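Note sheet for the following structure.
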C-alpha cells in the first residue's frame, strides 16, 4: 500500500501528472487513496489526534511520509526527498497508460503508472524504465520493512529509509538476499552511515546511490558490472576495493564526456583491484581517467600523469 501512497505524494510535491496530454492540480492537501483513507499534509509532525486509522500524512517541511496510521499512532516517517536536481532543468512528469511503457516514452527523470496492471516505473534513466514496482499491497511484507524498501520482485533496493543507520550488513538481512541492483539515490542522505557490506549478487549500483553518506571505504563484489554517475558524491570515501576482474562500466558526468564517481578526487587515496586485472584497469580509459594522479608540467604547460591510485588487492 505504501507504494501506492508514494505516487499520491508525488502529486503533493508538485510533480505534474500527465495523462493523454492533460494536467491535474499540482497541489492537493487531502487525497483519498483508498476507500476510507486519506493523505493529509501539513508543515509539522502529525499529532496523535489527527487523522484516522489507515490515513497517511505528509510533512511538507521535511518531506517525510507517515502512515498508514494504526491504533498505536503514526509510527516512523519515511524520507521522500531525493538528490537535488540541476538548476534550470524541467520538472519530472508522471505518465500513465494501460500497458508497460515503451523506451520512447518519457524523458529521463519521469515516472510511469501502468493503470491496468498497477505497476509503477521510474524514475527513467539513460538505460530505460527498469523493472516496474507493483502498486498492489504484498502479503509478505518484504517490501514494507521499516529500514528499507525493495522492488516487488525483490531484485532492487530502492531506498534505505533509516537515515540514522551507522553500519549495514546486507548479507545478514534475508529480505535482501535476492537483491542484484542498488537503485538511484538509494542511500542518499545517510550521513551517519560509515560502513556497508554488500551481497555478492550486486551487479549494478545506480546514480548518486551513496551521495551524502559518511562511508570512508567500500568493497564492491566480484559480480559488479556498472557504477552510476556521482555514486559517491559528497562522501568521505578514501579506499575502494573492487573484486571484479572486469572493470565495471562508469557513467559520464551529466553534460560531460568523462566519468564521475562524484567530488571525491582529493580524498580518494586508493582503488584496490585483483592483481590479475591490474593492467586491465590501468588500460581502461574510464578507470584511467578516475585513478590517474596528474600534475602540471611547466615546461610543456600540460597536465602529465605522475602516478596512479590503482593498486593490487592486498
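In our numbering, the protein residues as written are 2 to 315.
All residues carry an ideal CB built from backbone N, CA and C; glycine is no exception.
No experiment lies behind these values; they were computed from the predicted model shown.
Simplified DSSP assignment, three categories, for residue i
i           : result
residue 30  : Model confidence at residue 30 stands at a pLDDT of 38, short of 50, so the residue's coordinates are unreliable; what they give is reported in the following sentence. Note: residue 30 maps to coil in three-state DSSP.
residue 65  : strand
residue 172 : helix
residue 281 : helix
residue 90  : Note that residue 90 has pLDDT 49, beneath the 50 cutoff, so the model's placement of it is unreliable and the number below is only indicative. Residue state, collapsed to three classes: coil.
residue 292 : helix
residue 286 : helix
residue 178 : coil
residue 239 : coil
residue 276 : helix
residue 189 : coil
residue 312 : strand
residue 234 : coil
residue 100 : coil
residue 298 : strand
CA nearest to the CA of residue i, picked from the options
i           : options               : result
residue 71  : 225, 57, 65 and 63    : 57
residue 237 : 301, 218, 222 and 280 : 218
residue 99  : 114, 151 and 48       : 114
residue 315 : 298, 289 and 277      : 277
residue 183 : 189, 109 and 157      : 157
residue 268 : 288, 304, 274 and 239 : 239
residue 173 : 191, 200, 166 and 160 : 200
residue 307 : 313, 300, 296 and 301 : 296
residue 55  : 241, 47, 97 and 75    : 75
residue 208 : 112, 105, 124 and 302 : 124
residue 167 : 249, 192 and 152      : 192
residue 110 : 49, 286, 255 and 163  : 255
Rounded Cβ spacing between residue i and residue j (contact assumed at less than 8 Å)
i           : j           : result
residue 271 : residue 260 : With 8 Å as the limit, residue 271 and residue 260 do not qualify as a contact, their Cβ atoms being about 18 Å apart.
residue 227 : residue 205 : 5 Å
residue 212 : residue 129 : Contact doesn't hold; Cβ gap of about 22 Å is too wide.
residue 197 : residue 216 : 6 Å
residue 274 : residue 311 : 6 Å
First and last residue of the uninterrupted beta strand (DSSP E) at residue i
i           : result
residue 1   : The structure shown does not extend to residue 1, since the chain spans only 2 to 315, so no value can be given for it.
residue 149 : 149-151
residue 114 : 112-115
residue 304 : 303-309
residue 161 : 157-161
residue 57  : 57-60
residue 218 : 218-221
Contact test: residue i Cβ vs the ligand SAH heavy atom, cutoff 7 Å
i           : result
residue 290 : This structure simply doesn't include the ligand SAH, nor any ligand for that matter.
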